[in-house]
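Undergrad:
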Amino acid sequence: MLWGSYGLVHIITLIISACIILGIYFILRNRSEKTKVIVLFILSLSGLAAIIFNLVTWGTPLEYLPFHMCSITALILPFAILTRSKIFSNLLLFWCLGAAMAIICNQGQANYVIPSATFFFYYIPHTLEFGIPILMFALKIVKKDVRCIASTVVLTMAIYTLVHFINLAINSYCVANAITNPSGEIIQVNYMYSLFAPVPLMQAMYNLIPHSYWYMYVVVPFVVIYLGVVYLPEIISLIKSRKAKSN
Numbered sequence: 029m030l031w032g033s034y035g036l037v038h039i040i041t042l043i044i045s046a047c048i049i050l051g052i053y054f055i056l057r058n059r060s061e062k063t064k065v066i067v068l069f070i071l072s073l074s075g076l077a078a079i080i081f082n083l084v085t086w087g088t089p090l091e092y093l094p095f096h097m098c099s100i101t102a103l104i105l106p107f108a109i110l111t112r113s114k115i116f117s118n119l120l121l122f123w124c125l126g127a128a129m130a131i132i133c134n135q136g137q138a139n140y141v142i143p144s145a146t147f148f149f150y151y152i153p154h155t156l157e158f159g160i161p162i163l164m165f166a167l168k169i170v171k172k173d174v175r176c177i178a179s180t181v182v183l184t185m186a187i188y189t190l191v192h193f194i195n196l197a198i199n200s201y202c203v204a205n206a207i208t209n210p211s212g213e214i215i216q217v218n219y220m221y222s223l224f225a226p227v228p229l230m231q232a233m234y235n236l237i238p239h240s241y242w243y244m245y246v247v248v249p250f251v252v253i254y255l256g257v258v259y260l261p262e263i264i265s266l267i268k269s270r271k272a273k274s275n
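Counting from 1 along the sequence shown, just add 28 to a position and that's the residue number in our numbering.
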């Protein structure tokens with residue numbers, strides 16, 4: 029059975045993802061903070077397992093380095109859980125959208141067979157990378173901090189820019205040295221999709237700004253709206269507290 033895109037099987041897996049996240053919440057909500065942290069930390073290791081799986085399975089590790097947003101999330105998430113880092117936890121509250129998009133806009137993975145290791149090492153980590161950052165706040169392990177909006181934006185732009193230059197460096201190296209993948213093609217990577225748009229949604233963004241790297245900035249207005257909605261109670265509280273102090 030193929031996973032498919034927006035068919036019955038795909039929709040059922042999206043519903044299951046939501047049920048998994050809700051189930052974890054209801055199981056942990058009355059547990060101690062220590063238990064919550066331990067369980068979420070163990071679950072977060074699925075992302076690291078997926079990174080290792082991809083590095084060793086396909087015989088072309090340069091094409092599966094952990095430089096996509098979801099892979100970077102997988103690297104940060106265990107640390108954020110153990111340290112309760114405000115900066116990284118608030119960052120992941122935004123980055124978890126990338127994991128959600130990865131399982132919703134799954135055209136590149138539509139031919140994955142269910143059940144198979146390839147499917148599960150993609151589906152389960154992305155489900156948890158979307159759910160765990162939200163659960164960290166819902167379970168009151170960490171708190172939203174409006175001051176972290178700035179660090180979220182700066183870190184996102186800095187990491188995206190760094191990864192873009194990593195793409196250029198790897199691609200130049202592979203062309204210069206004729207480094208090929210198992211199919212005999214010169215390796216060309218596109219981490220965080222900074223060089224070209226692989227799916228229809230990103231292609232529409234590229235049509236608006238037809239330049240590599242820069243086309244991703246089409247999402248900036250949506251990022252502002254998302255962060256404004258997510259942090260609205262904190263923003264209102266901050267405004268009220270400042271007004272109270274001024275009076």
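From the three backbone atoms N, C-alpha and C, an ideal C-beta is built for every residue, glycine too.
This one's a predicted model, so the numbers in the text were calculated from it and none came from an experiment.
Using CA atoms only, rank isn't needed, just tell me which of Leu50, Ile49 and Lys64 is closest to Leu56.
TA: Lys64
Undergrad: To the nearest angstrom, report how far apart Pro106 and Ile162 are at their CA atoms.
TA: 14 Å
Undergrad: Considering only the beta carbon of each residue, do Met164 and Gly126 sit closer than 8 Å?
TA: Not closer than 8 Å, so no.
Undergrad: In whole angstroms, give me the CA-to-CA distance for Leu50 and Leu167.
TA: 11 Å
Undergrad: What residue does the alpha helix (DSSP H) around Cys202 start on, and which one ends it?
TA: It spans Cys176 to Asn205 - the alpha helix (DSSP H) in which Cys202 sits, taken as one unbroken run.
Undergrad: Since Thr208 sits in a beta bridge, which residues does DSSP pair it with?
TA: Ile214
Undergrad: Looking only at C-alpha atoms, which of Val181, Pro94 and Thr101 sits nearest to Ile158?
TA: Checking the displayed sequence, the identity of residue 158 turns out to be Phe instead of Ile. Among Val181, Pro94 and Thr101, the Cα nearest to that of Phe158 belongs to Thr101.
Undergrad: Could you check the C-alpha separation between Thr111 and Trp242 for me, to the nearest Å?
TA: 34 Å
Undergrad: Following the continuous alpha helix (DSSP H) through Met220, name the residue where it begins and the one where it ends.
TA: Premise fails: Met220 is in no alpha helix (DSSP H) and is neither H nor E.
Undergrad: One question on the structure: do Tyr219 and Ile194 come within less than 8 Å of each other, judged by their Cβ atoms?
TA: yes
Undergrad: Under 8 Å: do the segment 71 to 81 and the segment 113 to 120 share three or more Cβ pairs, one atom per stretch?
TA: no
Undergrad: Since Glu61 is in the alpha helix (DSSP H), which residue starts that stretch and which ends it?
TA: Glu61 to Thr85
Undergrad: Leu93 by DSSP, collapsed to three states: which one?
TA: coil
Undergrad: Among residues of its own chain, excluding the 5 on either side of Val227, which ones have a beta-carbon nearer than 6 Å to its beta-carbon?
TA: Cys133 and Gln135
Undergrad: Kindly indicate which residue of Ser117, Ile43, Thr208 and Leu42 has the alpha-carbon position closest to the one of Thr88.
TA: Thr208
Undergrad: When you compare only the Cα positions, how much space is there between Val258 and Pro210?
TA: 44 Å
Undergrad: Alpha carbon to alpha carbon, how far is Ile316 from Arg59?
TA: The displayed coordinates of the chain run from 29 to 275. Any statement about residue 316 would go beyond what the structure contains.
Undergrad: Out of His38, Lys271, Ile44 and Arg270, which has the shortest C-alpha to C-alpha gap to Asn139?
TA: His38
Undergrad: Return the CA-CA distance between Ala232 and Tyr188, expressed in angstroms with no decimal places.
TA: 19 Å
Undergrad: Out of Leu30, Ser33 and Leu68, state which residue places its alpha-carbon closest to the alpha-carbon of Ile48.
TA: Leu68
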